[in-house]
DNA sequence: GCAATCTAACCGACCGGTCAGTCAGTGTCA
DNA sequence: TGACACTGACTGACCGGTCGGTTAGATTGC
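Chains as they are written, first to last, in the numbering used here: chain L, 731 to 939; chain S, 731 to 939.
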């Protein structure tokens, strides 16, 4: 291992978290070893446990960090638009950026949900994730309703439905044979499905086909 | 280990699969050991690998079996009703039977999705799962459209949206602090969210609140 | 009717490998 | 020089899969 000068604590932690993210996206929590993470980060295994108390703590911080950053980017994307429909479009574009990024993120996310379903520490982080999403999604819908663009009853429930469509479509996409090829179709469907749900009935809706 | 009389192959396999299901629901694929499964089934570890080539094969068969049985029960529930709205209600009742059953099933399902996102053999089973769901969900919507009850554009896309709402709400539910207490609300929300989406705009829809 | 023989279901000790976490020691910098 | 960053060999626990041995129950021969 090539010895370099000492890094600051926050630098090292970030490098290790990024490395852990790549690894978990590829292999999944229980198939990732501390050696894998350290090797990808260009340090020795000991460093990993010097900065994090345990593998579990490292991953809890990883998911926590991931969630904060996705929340921040969602808020940013939403704030950049004023038109409710464009806000939804921006959100879809953010959540479906590219096949490779989505594969990495969704794999890690599904893994995280599995952990969250069984270990209290992870469940708490997951609860925070959905609480943040509720605020953001619900906010878009509420604003859209105020502007008379969206036609739904309850903005909070509509927010939950939107989030469910995001997550549910992701799971359907992950089951596809060719992720790369089917990606654009899923991204479009996601946008269309959400807007169909939010927008008032247009001429033609209510009729066959 | 208490020696009992020999069982038939299909009996033993079923006992082992059921045992594996309980274990995976509690612990997750990579935390379950062959010993755990054998112990719960009341046999020795050797038996498990006598009937299944490997741990992976056992779980592939488990998920395959689980999926066939959920498909069968979905078709059954749908066939028992003729009214499209009642069919949706029956599906929701089937998918949200009780907190404990849901917890077990969803935990196993999330685990399975994690596996499916990384291992081809599991991905294929997952693809079969969603293909079956598409047929069932799409069929309900198509029938509802024919009967003039549902007002959506594309029955296949609507089927995908319904499935996404099921899966997406399940993930939101799994993040709740108190699964037991929040269960009825989720079940109701699920039914309401799907019917709101499928039914034509009613008086009041399109207006605030 | 029953002993001898056979078959395969079943057992569980064991092996080879893996991995989280430890720690004694080394390098770096102020 | 002391404090801190870092290394990587090591430990002990664990686990998937193997395999030699055991036994229930079926089959055969008389």
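We put the CB at the ideal spot given by N, CA and C, even for glycine. For clarity, every value in this text was computed on a predicted model and none was experimentally measured.
Strictly below 7 Å CB to CB, what residues from chain S border residue i?
| i | result |
| --- | --- |
| residue 819 of chain L | Ordered by position in chain S, no residue passes the 7 Å Cβ test against residue 819 of chain L, which lies about 18 Å from the chain. |
| residue 897 of chain L | 897, 898 and 901 |
| residue 860 of chain L | 902 and 905 |
How about residue i and residue j: are their beta carbons less than 8 Å apart?
| i | j | result |
| --- | --- | --- |
| residue 924 of chain L | residue 895 of chain L | yes |
| residue 788 of chain L | residue 836 of chain L | no |
| residue 796 of chain S | residue 759 of chain S | no |
| residue 862 of chain S | residue 801 of chain S | yes |
| residue 897 of chain S | residue 898 of chain L | yes |
| residue 744 of chain L | residue 781 of chain L | no |
| residue 827 of chain L | residue 910 of chain L | no |
| residue 927 of chain L | residue 860 of chain S | no |
| residue 775 of chain S | residue 765 of chain S | yes |
| residue 893 of chain S | residue 902 of chain L | yes |
| residue 857 of chain S | residue 817 of chain L | no |
| residue 890 of chain S | residue 853 of chain S | no |
| residue 777 of chain L | residue 742 of chain L | yes |
| residue 767 of chain L | residue 808 of chain L | no |
| residue 931 of chain S | residue 931 of chain L | yes |
| residue 762 of chain S | residue 754 of chain S | yes |
| residue 874 of chain S | residue 814 of chain S | yes |
Check whether the Cβ of residue i lies closer than 8 Å to any Cβ atom in chain S.
| i | result |
| --- | --- |
| residue 777 of chain L | no |
| residue 919 of chain L | yes |
| residue 890 of chain L | yes |
| residue 790 of chain L | no |
| residue 753 of chain L | no |
| residue 857 of chain L | yes |
Strictly under 8 Å for the Cβ-Cβ distance: is residue i near chain L by that measure?
| i | result |
| --- | --- |
| residue 784 of chain S | no |
| residue 841 of chain S | yes |
| residue 851 of chain S | no |
| residue 904 of chain S | yes |
| residue 938 of chain S | Confidence at residue 938 of chain S is low in this model, with a pLDDT of 36, below 50, so its placement is unreliable and the value that follows should be read with caution. Residue 938 of chain S counts as touching chain L. |
| residue 746 of chain S | no |
| residue 806 of chain S | no |
| residue 733 of chain S | The predicted model places residue 733 of chain S with a pLDDT of 41, which falls under 50 and marks its position as unreliable; any figure quoted below should be read in that light. Answer no: the Cβ-Cβ gap between residue 733 of chain S and chain L never drops below 8 Å. |
Which residues in chain S sit within 9 Å of residue i, going by Cβ to Cβ distance?
| i | result |
| --- | --- |
| residue 887 of chain L | 919, 922, 923 and 926 |
| residue 914 of chain L | Neighbours of residue 914 of chain L on chain S: none; closest Cβ ~15 Å, over 9 Å. |
Residue i versus chain L: which residues are under 7 Å apart at the beta carbon?
| i | result |
| --- | --- |
| residue 787 of chain S | The premise fails here: residue 787 of chain S is roughly 18 Å from chain L at the closest Cβ pair, so nothing lies under 7 Å. |
| residue 844 of chain S | 758, 840, 841 and 844 |
How would you list, in chain order, the residues of chain L whose beta-carbon sits under 9 Å from the beta-carbon of residue i?
| i | result |
| --- | --- |
| residue 869 of chain S | In chain order: nothing, as chain L lies at least about 16 Å away. |
| residue 836 of chain S | 847 |
| residue 832 of chain S | Chain L residues near residue 832 of chain S: none, gap ~11 Å exceeds 9 Å. |
Can you pull the chain L neighbours of residue i, defined as C-beta to C-beta under 8 Å?
| i | result |
| --- | --- |
| residue 893 of chain S | 898 and 902 |
I'd like to confirm something about residue i: is its beta-carbon nearer than 7 Å to some heavy atom of the ligand FAD, or not?
| i | result |
| --- | --- |
| residue 863 of chain S | No copy of the ligand FAD appears in this structure; indeed no ligand is present at all. |
Original post:
Just checking, does the region 779 to 793 of chain L make contact with the region 739 to 757 of chain L on the three C-beta pairs under 8 Å criterion?
Top reply: yes
Original post:
Using 8 Å as the threshold, is the region 839 to 848 of chain S in touch with the region 837 to 847 of chain L, meaning 3 or more CB pairs across them?
Top reply: yes
Original post:
Is the region 879 to 892 of chain L close to the region 868 to 886 of chain S, with three or more CB pairs under 8 Å?
Top reply: Counting Cβ pairs under 8 Å, fewer than three are found: no touch.
Original post:
Would the region 816 to 823 of chain S and the region 904 to 921 of chain S be scored as touching if the rule is three or more Cβ pairs under 8 Å?
Top reply: Result yes; three or more Cβ-Cβ pairs closer than 8 Å.
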